[in-house]
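Next comes the structure, spelled out in structure tokens:
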């Protein structure tokens, strides 16, 4: 959003924009996977049944269910949910920019983020945690996952893969997020406020006069 406006306004380069996107994207992915490992190692996701066998806890079943739901979306559904999501996220950031105090920033951020979460929209960075969490659990305990999700172990092994995650969710959601943030917010605000700064200054002076 902000980077796109800076590029269009001549304050940054396209190369710098893409470099920033790539570094931030993969750094977020690395951080998300680290958090997945920490939570997985804490064994919150599993329990033991009456026979002492490994079973999926409520948290584990929820994590796998979230991953299954997200990877079951059609490509187009994931793409358009990605647009809606980052549109709201970037509007939240924009409103935080506009606020002069901490309380205003909190209120500006809270409601758009609440709307995207409650609406079930898709964000690539959020999914870098939620889906790998489900994949890790499913691959660590395929039999328990199959029982909890009412699937066969073979179906679990075929469905819960990183290839499926990337192709079915991460790619379309990332593209949708780019459209929603860079075009619907960054480019739109640049077009309205920064496209012709000289004319805007003259207009503002005329209004004040």
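Residue numbers (full-length UniProt numbering): 1 to 209.
The beta carbon of each residue, even a glycine, is placed where N, CA and C say it ideally should be.
The structure presented is a predicted model; accordingly, all values stated were derived computationally and were not measured.
Proximal residues to residue 112 (C-beta, below 6 Å), its chain only, five neighbours per side dropped = Counting from one through the chain shown, the residue named residue 112 turns up at place 112. Counting only Cβ-Cβ distances below 6 Å, and skipping sequence neighbours, we find 88, 91 and 92.
Do you know how far the Cα of residue 107 is from the Cα of residue 99?
-> Working through the chain shown from its first residue, we reach residue 99 at position 99. Working through the chain shown from its first residue, we reach residue 107 at position 107. When rounded, the distance between both Cα atoms is 9 Å.
For residue 56: DSSP bridge partner residues | By 1-based counting over the chain shown, the position of residue 56 is 56. Paired residues: 46.
Cα-Cα separation, residue 170 to residue 40 = The residue given as residue 170 occupies position 170 in the chain shown. The residue given as residue 40 occupies position 40 in the chain shown. If I take the Cα positions, the gap works out to 21 Å.
Distance, Cα to Cα, residue 116 vs residue 126?
-> By 1-based counting over the chain shown, the position of residue 116 is 116. By 1-based counting over the chain shown, the position of residue 126 is 126. Roughly 12 Å between the two C-alpha positions.
8 Å CB neighbourhood of residue 81 in its chain, flanking five on each side removed | Locating residue 81 in the chain shown gives position 81, where the first residue counts as 1. 73, 120, 121, 122, 173 and 176, listed in sequence order.
Measure the beta-carbon distance from residue 67 to residue 135 and round it to whole angstroms, keeping in mind my assumption that it falls under 8 Å.
-> In the chain shown, the residue the question calls residue 67 occupies position 67. In the chain shown, the residue the question calls residue 135 occupies position 135. That belief holds up - the Cβ atoms of residue 67 and residue 135 are roughly 6 Å apart, short of 8 Å.
Hey, out of 84, 128 and 64, whose CA is closest to residue 114's CA?
-> The residue labelled residue 114 in the question sits at position 114 within the chain shown. Ranking 84, 128 and 64 by Cα distance to residue 114 puts 84 first.
If residue 46 sits next to residue 60, beta carbons under 8 Å apart, how far is it from one beta carbon to the other, in whole angstroms?
-> The residue labelled residue 46 in the question sits at position 46 within the chain shown. The residue labelled residue 60 in the question sits at position 60 within the chain shown. With a Cβ gap of about 6 Å, residue 46 and residue 60 count as contacting.
For residue 63, is the classification buried or exposed, using 16 other Cβ atoms within 10 angstroms of its Cβ as the cut-off for buried?
-> Translated into the one-based positions of the chain shown, residue 63 becomes position 63. Buried, since its Cβ has 16 or more Cβ neighbours within 10 Å.
Residues of its chain near residue 1, where Cβ-Cβ distance is below 6 Å and the 5 sequence neighbours each way are ignored | Walking along the chain shown from the start, residue 1 turns up at place 1. Cβ within range, chain order: 90, 181, 185 and 186.
Outcome for residue 132 when other beta-carbon atoms lying within 10 angstroms are tallied against a minimum of 16 = Counting from one through the chain shown, the residue named residue 132 turns up at place 132. By the 10 Å Cβ count, residue 132 comes out buried.
Can you give the Cα-Cα distance for residue 275 and residue 149, rounded to whole angstroms?
-> Nothing can be reported for residue 275, as the shown portion of the chain is limited to 1 through 209.
What distance in whole Å lies between the Cβ atoms of residue 55 and residue 144, which are believed to be in contact at a cut-off of 8 Å?
-> Position 144 of the chain shown, counted from the first residue, corresponds to residue 144. Position 55 of the chain shown, counted from the first residue, corresponds to residue 55. Rounded, the Cβ-Cβ distance is 5 Å, consistent with contact.
How close, in whole Å, do the beta carbons of residue 129 and residue 57 come, if the pair is a contact with beta carbons under 8 Å?
-> By 1-based counting over the chain shown, the position of residue 129 is 129. By 1-based counting over the chain shown, the position of residue 57 is 57. About 18 Å separates the two Cβ atoms, so there is no contact after all.
Between the Cα of residue 225 and the Cα atoms of 24, 71, 34 and 51, which residue gives the shortest distance?
-> Within the shown structure, residues of the chain are numbered from 1 to 209, placing residue 225 beyond reach of any answer.
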